[in-house]
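Q: Residue numbers (our numbering): 1 to 482.
All residues carry an ideal CB built from backbone N, CA and C; glycine is no exception.
Input: one structure, supplied below.
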RNA sequence: GACCCCAUCGUCUAGUGGCCUAGGACGACGCCCUUUCACGGCGUAAACACGGGUUCGACUCCCGUUGGGGUCACCA
């Protein structure tokens with residue numbers, strides 16, 4: 001690593017949502033900055049006036065914030081720097097590295113078509129440079145619309161990429177790109193170079209779909225006699241059909257994963273593994289652990305398919321990493337939202353919530369699974385699963401439950417251990433398998449045939465509730481069979 | 001089409017010339033644990049795209065082929 005201080009940026013354009021590719025790039029930049037104790041800045045590339053509305057930017061910064069990513073400095077808006085760029089196009093022009101191009105859109109299109117037919121690059125230079133100084137001055141004075149094009153030099157353009165190594169391109173494969181539009185504003189490539197230079201950006205880490213731009217930008221740096229930053233082009237994130245992820249093709253934005261109960265830590269963890277590897281037999285990490293490990297040496301060059309199954313597995317792992325208290329804090333609003341209980345009720349019974357969450361967490365994949373699986377902990381009016389009831393709510397089960405009710409009612413300590421012993425003893429006395437008691441009991445207190453360990457579940461529900469529910473189930477069975 | 005990037009199990013990857021009869025994870029399958037569902041444990045199937053070199057020796061280096069991806073705007 002060079003000794004210059006690390007300053008990196010991400011440069012999203014206002015799209016109204018954060019897609020996983022941008023999120024991954026943000027994560028990589030943040031981790032890189034933190035690892036080298038540098039700065040991380042967000043710059044909004046909104047030079048396209050039609051797309052510079054706040055409502056298209058906020059969803060992006062909000063989603064980044066959710067992931068724990070915020071700019072170390074105030075946000076930079078390219079739109080507010082628009083008039084900074086003009087002078088640089090002029091500077092390049094004065095230095096003889098660019099020229100004024102008076103070709104009309106039709107002429108350009110015709111030239112492109114012809115060039116394509118003749119299998120060569122389009123030539124904007126000959127018609128433009130054949131003009132004399134006087135002719136050019138005349139047209140400029142008369143406000144004849146024109147662009148300023150970079151004069152691509154002979155030779156080849158190279159740079160050393162942190163991901164792909166030494167990259168080079170023959171300049172004949174590059175065409176004279178527009179630096180300044182006919183209205184005087186800078187195009188993307190000029191603006192990026194100027195901004196990165198003026199912001200003191202040391203490393204540009206972005207998707208490898210930018211490689212072609214990088215060759216052009218390196219040429220602009222040279223024309224301006226500036227030292228280019230170090231580049232790193234990360235592999236792209238692909239959909240299962242191997243196409244680049246995009247909202248247009250129906251891919252989710254980061255916000256949707258949030259709504260589906262994915263933890264930000266899990267998203268962060270998973271995304272950073274796409275295009276980078278800790279090179280260990282381990283892949284669940286906290287952010288500090290990632291910061292410690294994240295260096296350019298571990299970058300990967302090949303594109304990666306986004307696998308939701310794996311994201312889910314990582315999510316599950318991060319849920320297990322959280323304390324019951326932390327999880328309760330995250331789950332509480334979801335329970336209220338699902339109308340299972342109220343904020344007030346939970347606040348007065350936080351211990352209870354913590355126990356419920358602790359009981360459920362190892363059989364949950366997403367945060368949404370908590371409200372989906374915990375209804376009976378908060379509501380009494382559940383119905384019995386029909387199939388399970390048909391199987392377990394038999395007349396004899398009612399008799400067993402009655403006996404169990406009596407035993408449970410007389411217990412002074414209502415904990416998992418004594419509950420298990422009580423139930424086992426009863427089963428032995430009755431000469432039946434424990435399952436004969438366990439299944440109807442589970443169904444009676446929860447309404448469903450699956451769930452956490454029965455005894456722990458009973459303990460959390462508590463004696464009064466358990467007895468009520470057993471009674472209700474007994475009545476239900478008797479009604480069914482009368 | 002041109003140019004650029006890439007190429008190990010279905011997917012994410014480890015591997016930097018001999019440690020590889022190729023390791024891990026997700027997923028799949030089986031077994032164990034277990035009242036259920038999970039968790040956990042154990043195990044099975046599953047890959048070096050192909051062809052040439054270089055070398056005593058290639059997954060590892062070079063070249064080519066094939067395949068995949070990306071970029072080709074006065075959009076960013």
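If you run the structure through DSSP and keep just helix, strand and coil, what is residue 307?
A: Note: residue 307 maps to coil in three-state DSSP.
Q: Which same chain residues end up closer than 7 angstroms to residue 189 when comparing Cβ atoms and leaving out the 5 residues on each side of it in sequence?
A: Counting only Cβ-Cβ distances below 7 angstroms, and skipping sequence neighbours, we find 177, 213, 216, 217 and 220.
Q: Taking the runs of the alpha helix (DSSP H) that are 4 residues or longer, which of them lie wholly in the segment 76 to 100?
A: If we require 4 residues or more, the alpha helix (DSSP H) runs fully inside the segment 76 to 100 come out as 82 to 94.
Q: Between the segment 347 to 357 and the segment 379 to 395, do three or more beta carbon pairs fall short of 8 angstroms?
A: No: fewer than three Cβ pairs fall under 8 angstroms.
Q: So, at 8 angstroms on beta carbons, what are the nonlocal neighbours of residue 6 in its own chain, with the 5 sequence-adjacent residues on each side left out?
A: Around residue 6: 32, 33, 36, 37, 38, 39, 202 and 203.
Q: Just list the residues that DSSP pairs residue 40 with in beta bridges.
A: In DSSP, residue 40 forms a bridge with 8.
Q: Looking only at its own chain, which residues have a Cβ that is under 6 angstroms from the Cβ of residue 392, when we skip the five neighbours before and after it?
A: Closer than 6 angstroms at Cβ, skipping near neighbours: 439, 440 and 443.
Q: Could you tell me which residues DSSP pairs with residue 178 in its beta bridges?
A: Answer by DSSP bridge pairing, in chain order: 149.
Q: I'd like the list of long-range same chain contacts for residue 300, defined as Cβ closer than 7 angstroms, with 5 residues on each side in sequence excluded.
A: Here the set comprises 235, 275, 276 and 277.
Q: Looking at the structure shown, is residue 21 part of a helix, part of a strand, or coil, going by DSSP?
A: Of the three classes helix, strand and coil, the one that applies to residue 21 here is helix, per DSSP.
Q: What does a CB cutoff of less than 7 angstroms around residue 144 pick up in its chain, not counting 5 residues either side in sequence?
A: Once the five neighbours on either side are set aside, the close Cβ partners of residue 144 are 102.
Q: Count the other CB atoms within 10 Å of the CB of residue 119; is the residue buried (16 or more) or exposed (fewer)?
A: The residue is exposed, with fewer than 16 neighbouring Cβ atoms inside 10 Å.
Q: Do you know whose CA, among 304, 474, 460 and 93, lies nearest residue 396's CA?
A: Ranking 304, 474, 460 and 93 by Cα distance to residue 396 puts 474 first.
Q: Mind reading off the beta-carbon distance from residue 306 to residue 245? Whole number of angstroms is fine, and I expect it under 8 angstroms.
A: About 6 angstroms separates the two Cβ atoms, so the contact holds.
Q: Would you list the one or two residues that DSSP bridges to residue 203?
A: In DSSP, residue 203 forms a bridge with 230.
Q: For residue 91, tell me which candidate among 60, 223, 44 and 264 has the shortest Cα-Cα distance.
A: Measuring from the Cα of residue 91, the nearest candidate turns out to be 223.
Q: Between 361, 168, 149 and 469, which has its C-alpha nearest residue 158's C-alpha?
A: Cα-wise, what sits closest to residue 158 is 168.
Q: Note the first and the last residue of the continuous beta strand (DSSP E) segment covering residue 358.
A: That residue, residue 358, is in no beta strand (DSSP E); its alpha helix (DSSP H) goes 350 to 360.
Q: DSSP three-state call for residue 168: helix, strand or coil?
A: Looking at residue 168 - three-state DSSP - the assignment turns out to be strand.
Q: Throw me the rounded Cβ distance for the residue 82 and residue 4 pair, which I believe falls under 8 angstroms.
A: That belief does not hold up - the Cβ atoms of residue 82 and residue 4 are roughly 28 angstroms apart, past 8 angstroms.
Q: Among 289, 450, 59 and 452, whose alpha-carbon lies nearest the alpha-carbon of residue 273?
A: Minimum Cα distance to residue 273 is reached at 289.
Q: What do you get for residue 267, buried or exposed, if any count of 16 or more other CB atoms within 10 angstroms of its CB means buried?
A: Buried, because 16 or more other Cβ atoms sit within 10 Å of the Cβ of residue 267.
Q: Using CA coordinates, which residue listed in 380, 180, 282 and 430 is at the minimum distance from residue 399?
A: Per the Cα distances, 430.
Q: Out of 417, 408, 389 and 418, state which residue places its alpha-carbon closest to the alpha-carbon of residue 481.
A: Ranking 417, 408, 389 and 418 by Cα distance to residue 481 puts 389 first.
Q: At the level of alpha carbons, what is the spacing between residue 2 and residue 228?
A: With a pLDDT of 49 at residue 2, under the threshold of 50, the modelled position of that residue is not reliable, and the figure given next carries that caveat. Straight-line Cα distance between these residues: approximately 14 angstroms.
Q: Whole angstroms are fine: how far does the CA of residue 152 sit from the CA of residue 297?
A: Rounded to whole angstroms, residue 297 to residue 152 spans 33 angstroms at the Cα level.
Q: Taking all protein chains shown into account, do 16 or more other C-beta atoms lie within 10 angstroms of the C-beta of residue 47, making it buried, or fewer, making it exposed?
A: With 16 or more other Cβ atoms within 10 Å, it is buried.
Q: Residues in the same chain with beta-carbon distance under 7 angstroms from residue 295, minus the five sequence neighbours each way, listed in chain order, please.
A: Only 35 meet the Cβ criterion.
Q: In the DSSP output, what is residue 186 paired with across the bridge?
A: Its beta-bridge partners are 180.
Q: Classify residue 138 as helix, strand or coil using the three-state DSSP reduction.
A: Looking at residue 138 - three-state DSSP - the assignment turns out to be helix.
Q: At which residues does the alpha helix (DSSP H) containing residue 156 begin and terminate?
A: Not the alpha helix (DSSP H): residue 156 falls in the beta strand (DSSP E), residues 156 to 161.
Q: My assumption, with CB atoms under 8 angstroms, is that residue 371 sits in contact with residue 332. Please give the rounded CB distance.
A: That pair is no contact at about 10 angstroms.
Q: Distance check for residue 293 and residue 280, CA to CA, integer angstroms please.
A: Their backbone Cα atoms lie some 10 angstroms apart in a straight line.
Q: Using three-state DSSP, classify residue 123 as helix, strand or coil.
A: The answer is coil: DSSP assigns residue 123 none of H, G, I, E or B.
Q: Could you spell out the range, first to last residue, of the alpha helix (DSSP H) harbouring residue 328?
A: It spans 324 to 337 - the alpha helix (DSSP H) in which residue 328 sits, taken as one unbroken run.
Q: Counting only the same chain and skipping the five closest in sequence on each side, list residues whose C-beta sits under 8 angstroms from that of residue 55.
A: Same-chain partners within the cutoff: 16.
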